[in-house]
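A.B. asks:
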Amino acid sequence: MNLLIFGPPGSGKGTQSALLVEKLGYLHISSGDLFRSAIKNQTALGLRAKTFIDKGELVPDQVTIDLVREVLEQNQSGKQFILDGFPRNIKQAEALNDLLKKLNLKIDKVLFLEVPRENLKRRLVGRRVCKNCGATYHVDTSPTKISGKCDRCGFEVIQRNDDKEDVIENRLNVYEASTEPLKDFYKRMGLFHSINGLGTEKEIFERIHLELKN
Ligand code: AP5
Ligand code: MG
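With the working numbering, the residue at position 134 of the sequence shown is 1627, and numbering never jumps.
Here's what the structure looks like:
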């Protein structure tokens, strides 16, 4: 079963995708992670994407669509995948439909993580990520065991550039204007499933797991 997980910034897409990878063997395709890796490697694509990401703006559609196309085409083994952070607007969603058709693939369920705006800011401001392996923490709700060091690999954990308060505000606005309309898009396709995104990470994973069995 191929999945698409979407929801506002900080709703827990990355956290729940990591659990789906660990517990159910999914391939995680996150457009945000792909961009961050390109930035880390200082590729031309990364340097271009950074100018948008640091402001909380969307990276231009064609660049993003080409990037995801490449990853989907490389998944020759046909491993079940979870798309996180893509599509981000109707144009990307239509491009994804065309691409899936060409590759003879389909999305079986679209999972929407529902979290009110007032909770999102707190989650984002307190988020810390490992510089090396990308593991995600939160200073209050899921801190590292040793302050500033990743539990998994021991590298330094840092704050994402776009997790600064003014950028967060813009990301939330961009989400509401561009990405929220995808709810109706996927309702019309009969794929939309809303998941309550409040509670512990484990509780939310159990809700997702239940939804996958239905
Ligand atoms: P991206 O990396 O996709 O960021 P995002 O959508 O803003 O989402 P986040 O990664 O911030 O949040 P999340 O939902 O993954 O939450 P997480 O699990 O980490 O995109 C970044 C940028 O790249 C975009 O702004 C754009 O510029 C560009 N981009 C990406 N895709 C693009 C596209 N398709 N088109 C154009 N541009 C694109 O959790 C957040 C925090 O909450 C963590 O600290 C976590 O520990 C904590 N937490 C998780 N679950 C819980 C819980 N249940 N209770 C309490 N805290 C929790
Ligand atoms: Mg994420």
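Every residue, glycine too, gets a C-beta built ideally from N, C-alpha and C.
Please read all numbers here as calculations on a predicted model, not as lab measurements.
Using the three-state DSSP reduction, which class does R1610 fall into: helix, strand or coil?
C.D. replies: Reading the sequence shown from its first residue, position 117 is the one you call residue 1610. Helix at R1610.
A.B. asks: For S1530, report the span of its alpha helix (DSSP H) as first-last.
C.D. replies: As a first step, residue 1530 must be located in the sequence shown, where it is residue number 37. S1530 -> alpha helix (DSSP H) spans 1524-1533.
A.B. asks: Given a cut-off of 7 angstroms, decide if N1654 and G1549 are closer than it, judged by their beta-carbon atoms.
C.D. replies: As a first step, residue 1549 is located in the sequence shown; it is residue number 56 there, counting from the start. As a first step, residue 1654 is located in the sequence shown; it is residue number 161 there, counting from the start. Taking 7 angstroms as the Cβ cut-off, G1549 and N1654 do not qualify as a contacting pair.
A.B. asks: Check each candidate in T1508, G1690, R1616, E1669 and name the one with the smallest Cα separation from I1583.
C.D. replies: Counted from its first residue, the sequence shown places residue 1583 at position 90. Among T1508, G1690, R1616, E1669, the Cα nearest to that of I1583 is on E1669.
A.B. asks: Rounding to the nearest angstrom, what Cα-Cα distance links D1601 and N1689 in this structure?
C.D. replies: Locating residue 1601 in the sequence shown gives position 108, counting from the first residue. Locating residue 1689 in the sequence shown gives position 196, counting from the first residue. Whole-angstrom Cα-Cα distance: 19 angstroms.
A.B. asks: Touch check for the segment 1511-1528 and the segment 1606-1621: three-plus C-beta pairs under 8 angstroms?
C.D. replies: With a cut-off of 8 angstroms, the segment 1606-1621 and the segment 1511-1528 do not count as touching, because too few Cβ pairs lie within range.
A.B. asks: With burial defined as no fewer than 16 other Cβ atoms inside 10 Å of the residue's Cβ, what is the status of S1640: buried or exposed?
C.D. replies: Counted from its first residue, the sequence shown places residue 1640 at position 147. By the neighbour-count rule (16 or more Cβ atoms within 10 Å), S1640 is not buried but exposed.
A.B. asks: Under 8 angstroms Cβ to Cβ from S1510, same chain only, skipping five residues before and after it: list those, please.
C.D. replies: Residue mapping note: residue 1510 aligns to position 17 of the sequence shown, counting from 1. Counting only Cβ-Cβ distances below 8 angstroms, and skipping sequence neighbours, we find I1498, Y1519, H1521, S1523, I1575, D1577.
A.B. asks: Under 6 angstroms Cβ to Cβ from N1625, same chain only, skipping five residues before and after it: list those, please.
C.D. replies: For the purposes of this step, residue 1625 is taken as the residue at position 132 of the sequence shown. So the qualifying residues of the chain are C1646, F1648.
A.B. asks: So is I1651 buried or exposed if we call it buried at 16+ other beta carbons inside 10 Å?
C.D. replies: Along the sequence shown, read from residue 1 onward, the residue named residue 1651 stands at position 158. Classification for I1651: exposed.
A.B. asks: On the three-state DSSP scale, how would you describe R1581?
C.D. replies: Residue mapping note: residue 1581 aligns to position 88 of the sequence shown, counting from 1. Residue state, collapsed to three classes: coil.
A.B. asks: Take L1496 as the anchor and find which of L1513, P1502, V1561, H1631 has the nearest alpha-carbon.
C.D. replies: What you label residue 1496 is simply residue 3 of the sequence shown in a count that begins at 1. Nearest C-alpha to L1496: L1513.
A.B. asks: Is H1631 near the ligand AP5, with its Cβ less than 6 angstroms from a heavy atom?
C.D. replies: The residue you call residue 1631 lines up with position 138 of the sequence shown. At least one heavy atom of the ligand AP5 is nearer than 6 angstroms to the Cβ of H1631, so yes.
A.B. asks: Whose CB is closer than 7 angstroms to a heavy atom of the ligand MG? List the residues in chain order.
C.D. replies: Going along the chain, the residues that qualify are K1506, G1507, S1523, G1525, D1577, G1578.
A.B. asks: If we ignore side chains and look at the alpha-carbon of each, how far apart do Q1573 and S1530 end up?
C.D. replies: Taking the first residue of the sequence shown as 1, we reach residue 1573 at position 80. Taking the first residue of the sequence shown as 1, we reach residue 1530 at position 37. Whole-angstrom Cα-Cα distance: 22 angstroms.
A.B. asks: Inspect the CB distances between the segment 1558-1573 and the segment 1681-1698 and report whether three or more fall short of 8 angstroms.
C.D. replies: Not touching, per the Cβ criterion.
A.B. asks: Looking at the ligand AP5, does it come within less than 6 angstroms of L1551, judged from the CB to the closest heavy atom?
C.D. replies: Within the sequence shown, the letter at position 58 stands for residue 1551. Yes, the beta carbon of L1551 sits closer than 6 angstroms to at least one heavy atom of the ligand AP5.
A.B. asks: Among the candidates P1502, T1508, V1561, whose CA atom is the shortest distance from the CA of F1528?
C.D. replies: Position 35 of the sequence shown holds residue 1528. Looking at the Cα atoms, V1561 is the closest of the given residues.
A.B. asks: Tell me the rounded alpha-carbon separation between N1612 and F1579.
C.D. replies: Residue 1612 sits at position 119 when you count from the first residue of the sequence shown. Residue 1579 sits at position 86 when you count from the first residue of the sequence shown. Near 22 angstroms, if we compare the C-alpha coordinates of F1579 and N1612.
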